[in-house]
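> Going by numbering that gives the first Met the number 0, the sequence shown opens with residue 0, and the numbers climb by one from there.
Cβ coordinates follow ideal geometry from the N, Cα and C atoms, glycine included.
Computed from a prediction, not measured in an experiment: that's the story for all the values here.
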Amino acid sequence: MKRKLVPDVVKSQELILVTEDTSVLTVSKLMAEKNIGAVLVVNHGDLVGIVTERDLNNKVLSTQIDAFETEVSAIMTRNPDTLPPDADAIEALTLMQSKHYRHLPITRGKRAVGIVSIRDLFKLAYEHLVEEVEFRDGLMRT
0 MKRKLVPDVV KSQELILVTE DTSVLTVSKL MAEKNIGAVL VVNHGDLVGI
50 VTERDLNNKV LSTQIDAFET EVSAIMTRNP DTLPPDADAI EALTLMQSKH
100 YRHLPITRGK RAVGIVSIRD LFKLAYEHLV EEVEFRDGLM RT
């Protein structure tokens with residue numbers, strides 16, 4: 000059975016969206032407060048970028064730019080790859096593995112409707128493996 004990104008992998012989430020003029024410090028605080036690894040950046044509702052923990056580390060901390068003065072547009076990954084809600088989990092995992100992403104926006108048209116993380120996909124893979132072992136063990140007992 001193919002697992003669709005929405006609702007099979009991403010069931011319910013509070014989607015955090017910011018505008019391009021949001022300060023890097025604000026985004027960093029939001030990510031810490033919500034315990035999330037990425038925030039989507041929108042312009043008039045359309046997805047224009049993504050900011051990840053990696054962006055904060057590689058483009059802010061390591062370069063010592065002023066997080067209060069710098070807008071998120073200066074450090075975000077512009078026009079990120081996306082998948083639609085009905086894409087299956089293996090498509091997401093394949094794309095994320097090949098491009099070394101840990102977060103992938105889910106969009107309907109240009110509108111962000113979710114974000115899938117490698118942790119979400121790991122959980123799905125783990126559940127599948129547990130089911131497989133339980134099934135195998137059940138067959139071995141009969």
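#1: Is the stretch 84 to 96 close to the stretch 46 to 56, with three or more CB pairs under 8 Å?
#2: Tell me whether R135 sits in a helix, a strand or coil according to DSSP, three-state version.
#3: Quick check on P79: buried or exposed, where buried means 16 or more other Cβ atoms within 10 Å of its Cβ?
#4: Under 7 Å from any heavy atom of the ligand SAH, does the C-beta of I105 make it?
#5: With distances taken from CA atoms, which of E68, A31 and L39 is nearest R110?
#6: Helix or strand or just coil, what does DSSP make of P6?
#7: Ordered along the chain, which non-local residues of its own chain (more than five positions away) have a Cβ less than 8 Å from that of D85?
#8: Determine the direct distance from the alpha carbon of V59 to that of V71, and round the result to whole angstroms.
#9: For the beta strand (DSSP E) holding I105, just list the boundary residues, first then last.
#10: Measure the CB-CB distance between I114 and A31 and report whether it falls below 8 Å.
By the coordinates alone:
#1: They do not touch, by the three-pair rule.
#2: helix
#3: buried
#4: Ligands are entirely absent from the displayed structure, and the ligand SAH is therefore not among its contents.
#5: L39
#6: Three-state DSSP puts P6 in a helix.
#7: Once the five neighbours on either side are set aside, the close Cβ partners of D85 are K3, L4 and V5.
#8: 10 Å
#9: Run containing I105: H102 to R107, per the beta strand (DSSP E) assignment.
#10: no
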